[in-house]
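Asks: Below is a structure I'd like to ask you about.
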Amino acid sequence: MSLLFSRASLASLGLALGLSALCLSPSMAQEAAPAPAAPADAATPAVAPVDPNTVIATVNGQPLTEADLVLAEGELSQQFAQLPPEQRRAAALSAAIEIRVMAAQAVTTGLDKDPDFQRRMAFLQQRALHGEMVEKGVVDKVTDAEVRARYDQEIANTPPVNEVHARHILVKTKEEAEAIIKQLDGGADFQKLANEHTSDPSGKSNGGDLGWFGPGQMVPEFDKAAFALDVGKYTEQPVQSQFGWHVIKLEDKRAKQPPAFDEVKDQAKQAVIRDKYFALVKSLRAGAKVEIPDAKLKKAVDTLESAK
């Protein structure tokens, strides 16, 4: 489960190209020499918080603050991903200055009055507000209790599944497998035979032990035969798969344990966020007057909406 919403990127194609040139320049791409490691017992000095209103630079007399720089770093993080951490701040500041001077020139030449640009700006504003609504109206309102309840609900709704602990001996021919079964019928030790005869490299030193596995983790023929066995029994007939011929022994069987809450709490939270988001959209859509004159397009949109 994953959240499919993200804030709109502020980087245009031109900015992306400019940043690419910046990030690939020799001075920026060169790896910095690693700093000497601090002694293990040295205390790490506390980093003082930076005032977001601190002026980092001025561009044509206009201040560019720490808050502006943090925003630029966040919005353009993908472009800076390949840079060493110590260079990202300088790259973000360079990009922020580039944005300011290019934007000012665009206003000077009247590009901000272009109808296409204004439509795009209106859409970007709406998209940004959508992102704020998702973050402030949905994500920030999810409680730990709701996440835990969703986890408990998923566990309760998941049918119990058995998993088995098995061993096997893999050989090339049916005749070899039949000969091994005859030895087992005569009281031979399964693990010893596995070490001597299996062609499975991982089983030659551990008696053919496959550990615990659940349904669907093995090829179908093997899976079916293993789960049909009683504990302590082995297959009375060789089992053929794409790998060869198997003799399988079931060591144990148990109910598969669900994942611990801490292992999947992020997925549970995303499920809560998703449900809350679609519930909010549904309520807002119900109160909105939406008209789509094209009947075919309306049908397609209605089909998509009904699937949410």
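This note's numbering puts the sequence shown at residues -13 to 294. Backbone N, C-alpha and C define an ideal beta-carbon position, used for all residues, glycine too.
The beta strand (DSSP E) spanning residue 244 covers which residue range?
Replies: Segment: none, residue 244 is in no beta strand (DSSP E) and carries neither H nor E.
Asks: Which residues does DSSP pair with residue 238 in a beta bridge?
Replies: DSSP lists 151 as the bridge partner or partners of residue 238.
Asks: Which residues in the same chain as residue 43 place their Cβ atom closer than 6 Å to its Cβ, once the five residues preceding and following it in sequence are excluded?
Replies: Only residues of its own chain outside the window of five on either side were considered, and among them 50 have a CB closer than 6 Å to the CB of residue 43, listed in chain order.
Asks: What is the C-beta distance between residue 82 and residue 37, in whole angstroms, given that I count them as a contact (C-beta under 8 Å)?
Replies: That belief does not hold up - the Cβ atoms of residue 82 and residue 37 are roughly 17 Å apart, past 8 Å.
Asks: Given residue 201, which residues of its chain have a CB within under 7 Å of its CB, disregarding the five upstream and five downstream residues?
Replies: Excluding sequence neighbours, residue 201 sits near 147, 209 and 213.
Asks: When DSSP builds the beta bridges, which residues end up paired with residue 199?
Replies: 150
Asks: Apart from the five residues on each side of it in sequence, which residues of its chain come closer than 7 Å, Cβ to Cβ, to residue 103?
Replies: 97
Asks: If you pair each beta-carbon of the region 127 to 147 with each one of the region 185 to 196, do three or more pairs fall below 8 Å?
Replies: no
Asks: Distance, Cα to Cα, residue 280 vs residue 289?
Replies: If I take the Cα positions, the gap works out to 14 Å.
Asks: Where does residue 187 land, buried or exposed, given buried means 16+ other C-beta within 10 angstroms?
Replies: exposed
Asks: Which residue comes first and which comes last in the beta strand (DSSP E) that contains residue 79?
Replies: Per DSSP, residue 79 belongs to no beta strand (DSSP E); it is in the alpha helix (DSSP H), 71 to 94.
Asks: Go ahead and pull the three-state DSSP assignment for residue 289.
Replies: helix
Asks: Residue range of the alpha helix (DSSP H) that residue 169 falls in?
Replies: 160 to 171
Asks: In the DSSP assignment, the alpha helix (DSSP H) including residue 111 goes from what residue to what residue?
Replies: Per DSSP, residue 111 belongs to the alpha helix (DSSP H) from 101 to 123.
Asks: Compute the Euclidean distance between the alpha carbons of residue 178 and residue 158, then round it to the nearest angstrom.
Replies: Approximately 18 Å, taken between the alpha carbons.
Asks: Identify, in the order they occur along the chain, each residue of the same chain with its Cβ nearer than 7 Å to the Cβ of residue 259, setting aside the five sequence neighbours on each side.
Replies: Correct list, in chain order: -11, 124, 125 and 128.
Asks: In whole angstroms, what is the alpha-carbon distance linking residue 169 and residue 241?
Replies: Approximately 32 Å between the Cα atoms of the pair.
Asks: Which stretch, first to last residue, makes up the alpha helix (DSSP H) that contains residue 177?
Replies: 176 to 183
Asks: Which residue or residues does DSSP assign as beta-bridge partners of residue 227?
Replies: 230
Asks: Do you know how far the Cα of residue 219 is from the Cα of residue 239?
Replies: Residue 239 and residue 219: Cα-Cα distance of roughly 12 Å.
Asks: Determine the direct distance from the alpha carbon of residue 207 to that of residue 3, and round the result to whole angstroms.
Replies: In this predicted model, residue 3 has a pLDDT of only 38, less than 50, meaning its place in the structure is not dependable; the value taken from the coordinates is given anyway. In a straight line, the C-alpha of residue 3 is about 54 Å away from that of residue 207.
Asks: Kindly confirm or deny that the region 150 to 166 and the region 221 to 233 touch, where touching means at least three C-beta pairs closer than 8 Å.
Replies: yes
Asks: Please name the residue, chosen from 80, 121 and 152, that lies closest to residue 56 on a Cα-to-Cα basis.
Replies: 80
Asks: Once the 5 residues before and after residue 190 are set aside, which same chain residues still bring their CB inside 7 Å of it?
Replies: 181 and 184
Asks: Using the Cβ count rule (16 or more neighbours within 10 Å means buried), how would you classify residue 62?
Replies: buried
Asks: Rounding to the nearest angstrom, what Cα-Cα distance links residue 8 and residue 52 in this structure?
Replies: The predicted model places residue 8 with a pLDDT of 36, which falls under 50 and marks its position as unreliable; any figure quoted below should be read in that light. Rounded to the nearest angstrom, the two C-alpha atoms are 21 Å apart.
Asks: Judging by CA-CA distance, which residue of 192, 226 and 150 is the nearest neighbour of residue 163?
Replies: 226
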